[in-house]
Amino acid sequence: MLTVALPKGRIAQETLEIFEKIFQKDFKFDDRKLILEKDNFRFLLVRNQDVPAYVLHQSADIGVVGLDVLEEKDEDLLRLLDLGIGKCKVCVGIKEDSCIDYSAPEIKVATKMANIAERYFSKKAMAVDIIKLYGSIELAPLVGLSDVIVDIVETGSTMKQNGLKVAEIIMESSAYLISNKNSFIEKKEEITSLYNQIKNTIKK
Ligand code: PRP
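Per the numbering used here, numbering through the sequence shown is continuous, rising by one, with the last residue being 217.
What follows is the structure, given as C-alpha cells:
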C-alpha cells in the first residue's frame, strides 16, 4: 500500500487522471471526503503548502507538490520527477508605473513565500522587510502595505487586473513527484514501478 498526498485542486485532478490512464480505472474522491482508498493506493487530499509535512513525517509515502512550495519549505525530501503540470512562475510584482528602487535602504515585500523572497533579495544584497500574508497578495502594493510582492504568476491576469506588472522572474515552477526518504527504501519496488509508469505516461 502506498499513501499519496495530493494538493487540493487542479493538480490533484490532473495527477488522478495520470493514475486513471496507468491503471485504467476511476480514481475519484467522494464529495467532501479527504481520503480515497483504491487497490494498493490511499490518496490524501491536503492543502498545497501542507504536502511536504505529510510526506516528511511519513503520513504519506509520496506526494505531488509545486517546486515553489518545495523551495519555500526546503525539507529533506526526495524529488523524483517533474510531472510537467501546474506550471507557473514565482515573480516580483510591482505597480505598473514604478520600478524596483535598488538604492532604497530597505524595501517592503509582501508575500506568502517569505523564504524564497528573503533568499532572492539577500543575493542582490538588498535589505528587505518581509510582510507575511496568506492570500490576495496583489492588494498589498495598492494600499501601501508593501513596495513589491513576491507571488505566483500563472496567467498573469491577477496582476494585470490589479495594475501590477512582473518586475523580475525568480523561478519557474511545476508539480513534482516527491518521496519520503525512508519510504523510498522500505517500498523501493512499489515506488520505482509507479515512478516508471508515471514517467512513461506523461511522455506520451
Ligand atoms: C494565486 C497567486 C496569484 C494568482 C495568480 O493565488 O497567489 O494571486 O493565483 O494567478 P494568475 O497569474 O493566473 O492570475 P490563489 O488563486 O492561489 O489565491 P490566494 O491569493 O488566496 O493565494
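Even glycine gets a Cβ: it sits at the ideal position worked out from N, Cα and C.
Only a predicted model underlies this, so the values are computations on that prediction, with no experimental measurement involved.
Of all C-beta pairs linking the stretch 134 to 149 to the stretch 83 to 93, fewer than three are shorter than 8 angstroms, placing the two stretches out of contact. In the DSSP assignment, residue 118 falls outside any beta strand (DSSP E) and carries neither an H nor an E. Look at which beta carbons fall closer than 6 angstroms to any heavy atom of the ligand PRP; those residues are 148, 149, 150, 151, 164, 165, 166, 167, 168, 169, 170, 171. In the structure shown, residue 147 falls within a coil segment according to DSSP collapsed to helix, strand and coil. Of the candidates 43, 126, 36, 160, the residue whose Cα lies closest to the Cα of residue 148 is 126. In the displayed model, residue 91 falls within a strand according to three-state DSSP. A direct Cα-Cα distance of roughly 33 angstroms separates residue 198 from residue 102.
Excluding residues up to 5 positions away in sequence, 186, 187, 189 lie with their Cβ nearer than 7 angstroms to the Cβ of residue 80 in the same chain.
For residue 96, the closest C-alpha among the options 196, 68, 174, 26 is that of 26. Across the set 22, 32, 40, the C-alpha of 32 shows the shortest separation from the C-alpha of residue 209. Going by DSSP, residue 82 is part of no beta strand (DSSP E) but of the alpha helix (DSSP H) stretching over 80 to 86. Distance from the Cα of residue 116 is smallest, within the candidate group 66, 134, 37, 85, for 134.
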